[in-house]
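Numbering (this note's numbering), first residue to last: 1 to 843.
Heads up, the beta-carbon is just placed ideally off N, CA and C, and yes, glycines get one too.
In structure tokens form, the structure reads like this:
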């Protein structure tokens, strides 16, 4: 009997491959995602190894290492003299301070197999004091072919001429890159050592033989092959890729769990539709264990088919996509053929599907043989939960609350200096996991209350709305199973969105402190030359604002005759006008208000406040060179002060302390946004500086752009990863709706028979699908917002809780739209069935 039942069930499933694929669609997508992730990691690592090495492919030997003293300048000609050496290039770089900025001067031959650059204008330098620069460097520094400037670098302390002879194209252009032959760099900067020496061996000569000869010529220097160095460089980059994919693996695992939940719900629907058949098998002698075995075997077959199709699809796309990208000119490597991993993914799909089918199989196997006498082949799903499930859900919920309370108790205190987030993060993850499984257990009990609230507007729209809400409420276990997966995805995405928004606010705050404007002009002499500020203020076409400031490093704090704090030299103090800066609104205060700052009122950073024991409202005295000024603390910042100031004082107070009238530096913003406006601002400030010695210009906006790009990239990567769970949820909604259409075909026929149009039926079923998203998104937001807040506090990054309402509303609407869209095709299929055929159907 066992073999007969097993054969009957598996052959019936095999005869309906469409139903088989639909049942295991979530596992198919999960298999595609898992194996696709493996292929993407291989593609990324191979691309990094093949294309991102800084050592030219023609390099056969590399002399030097960061672990030992570098080769000397005298070693270079000795290496070139070794028989079999075709070319030897010393790699060396030095920072160069020029009148209006900074250059990173690097040695490169300029031509030949060992060169890393290409001349695109002018000629490559061949004399000391000649340089070639990148296009962005030329724009930023206002240099061009033939321009002469002065600078100091390396061992050179006296400003010496530098002439631009060419523009070169390099792999990277940071806006301060310059190149020259090694001899020119070494001679101009008076260097005595190089970083390393790259060697190209004469074709046909044994690299090992040349290596032994070079070892004899420069004893004590480590020598590696070019292949070893390139491999090490690629491995370092690939290691970073591997760390990223560890995080990817975590989110993929969550997606697999979501797929298992969707498949469990799907099998419950499928088995409910075949309840009379299962009862007939019981009536003819099949026991419960036989049915469980047969249904589990059907699940294994579903997992096998879904896993093979998913892996095969991922493999086809994994090989086709790199080929397409290479054809379009993008250097992307192809993946390998990880057969063992492919088999593991298929086996994993089978295991996950079998585990997912066990609960529905045991539930279906409890069918009574008398159910065979029912007129319909389907049976209504249970609406409640059993006592064991209820007790388990309540215990899980209690555990989640306790873990959350433990997390809150471990959060950093305002004055805490040393904070380890490991334990709070573990408690937070445990709380989130327990909360999710509590939601799985108690979901059917939550569907009706949530549906009563979110479904109220639909019920006001008429019969279609009431029927759609009733269709969901009539099967709460099914609705819960699908909505929980949607809720999981929304919880993760909302947490990422809230965390990203809070991190962006923190980044903006940090940039308002360290890079409050696009540009900063400072002087090595301590004060700016006369006229620099006036000329900069006159450049209204290129500069939107110019904010000069003065800085003192020897201001102390007194209370009476007692000196406050433990700093002997004093606190850095400036009179920067915060009201003139657009980024002041990004600043936060721990105590007091920035608006209260003025004559006789100061702002201190958190470190000064702790060191001197100050709070907002305290009265102290600023002291310098025997002069004192009584002031009140208007505000305390939560971290550092703007431009790393410990104390922000009013200009009049610094005058009373005897501060020089000359400005220490100035801040300025470009009048026009974008790279062109930034370049115009740099040129205007350079014109204002007028070639004054010791005056430097820093483009702070570049740092701000890098930080903003990093935050955006991290947020989009995280959203993309948790989007996998949402994809599984949408697939689950589609498959659930498609299977429920079959289950409710008589209901659909009856509705059509009493006058409901095809459009009305399609609308009702589509709205039902959308309600899965409404319920899941509502629950997900209710959970995601508090957990997002806890995650921010747990990391200890001092970021404020920021709830971006519009993105979260957009997330809600998008999820509802996607789940509704998933029901469109099943709804169209149901509307095409004739009312007569539907009423005559068994079910």
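Within this structure, are the beta carbons of residue i and residue j separated by less than 9 angstroms?
i: residue 497; j: residue 811; result: yes
i: residue 185; j: residue 93; result: yes
i: residue 548; j: residue 695; result: no
i: residue 513; j: residue 646; result: no
i: residue 602; j: residue 648; result: yes
i: residue 27; j: residue 310; result: yes
i: residue 726; j: residue 822; result: no
i: residue 495; j: residue 784; result: yes
i: residue 791; j: residue 499; result: yes
i: residue 516; j: residue 581; result: yes
i: residue 657; j: residue 636; result: no
i: residue 367; j: residue 275; result: yes
i: residue 96; j: residue 189; result: yes
i: residue 169; j: residue 201; result: no
i: residue 35; j: residue 315; result: yes
i: residue 259; j: residue 29; result: yes
i: residue 229; j: residue 407; result: no
What residues in its chain sit with their C-beta under 7 angstroms from that of residue i, if we drop five residues either side in the sequence?
i: residue 834; result: none
i: residue 123; result: 165, 166
i: residue 396; result: 434, 437, 438, 441
i: residue 575; result: 549, 550, 649, 650, 651, 654
i: residue 138; result: 144, 167
i: residue 428; result: 407, 790, 791, 794
Between which residues of its own chain and residue i is the CB-CB distance below 6 angstroms, once the five residues before and five after are set aside?
i: residue 361; result: 292, 295, 296
i: residue 380; result: Unreliable positioning characterises residue 380 in this predicted model, as indicated by a pLDDT of 49, which lies under 50. A coordinate reading is not provided.
i: residue 771; result: 472
i: residue 75; result: 218
i: residue 876; result: There is no way to answer for residue 876, as the model of the chain reaches only from 1 to 843.
i: residue 780; result: 487, 490, 491
i: residue 623; result: 556, 558
i: residue 454; result: 774, 778
i: residue 827; result: 762, 765, 766
i: residue 343; result: none
Alpha carbon to alpha carbon, how far is residue j from residue i? Give it in angstroms, no decimals.
i: residue 377; j: residue 298; result: Bear in mind that a pLDDT of 49 at residue 377, under 50, signals an unreliable position, so the number given afterwards is only what the model happens to contain. About 19 angstroms.
i: residue 578; j: residue 591; result: 17 angstroms
i: residue 805; j: residue 308; result: 42 angstroms
i: residue 510; j: residue 824; result: 48 angstroms
i: residue 45; j: residue 39; result: 10 angstroms
i: residue 758; j: residue 831; result: 5 angstroms
i: residue 567; j: residue 426; result: 39 angstroms
i: residue 533; j: residue 47; result: 49 angstroms
i: residue 194; j: residue 554; result: 40 angstroms
i: residue 324; j: residue 25; result: 27 angstroms
i: residue 375; j: residue 278; result: Residue placement at residue 375 is poorly supported in this model, since its pLDDT is 46, which falls under 50; the coordinates are not used for a value here.
i: residue 444; j: residue 341; result: 37 angstroms
i: residue 313; j: residue 268; result: 27 angstroms
i: residue 354; j: residue 586; result: 53 angstroms
Mapping the DSSP letters down to three states, classify residue i as helix, strand or coil.
i: residue 74; result: coil
i: residue 665; result: strand
i: residue 456; result: helix
i: residue 642; result: helix
i: residue 102; result: strand
i: residue 542; result: coil
i: residue 319; result: helix
i: residue 548; result: strand
i: residue 571; result: strand
i: residue 274; result: coil
i: residue 200; result: strand
Below 8 angstroms CB to CB, which residues in the same chain sit around residue i once its five sequence neighbours on both sides are set aside?
i: residue 854; result: The question about residue 854 has no answer, for the chain in this structure spans 1 to 843.
i: residue 789; result: 498, 801
i: residue 225; result: 60, 61, 62, 207, 211
i: residue 319; result: 334, 335
Across the region 126–134 and the region 162–182, are there enough close Cβ pairs to call them in contact, namely three or more that are closer than 8 angstroms? yes
Would you check if the region 679–696 and the region 539–548 touch, i.e. whether three or more CB-CB distances between them fall below 8 angstroms? yes
Quick one: any contact between the region 687–705 and the region 554–572, if contact means 3 or more CB pairs under 8 angstroms? no
Validate contact between the region 347–360 and the region 78–89 using beta carbons, cut 8 angstroms, 3 pairs: no
I'd like to know if the region 399–415 and the region 464–471 are in contact, where contact means that at least 3 CB-CB pairs between them fall below 8 angstroms. no
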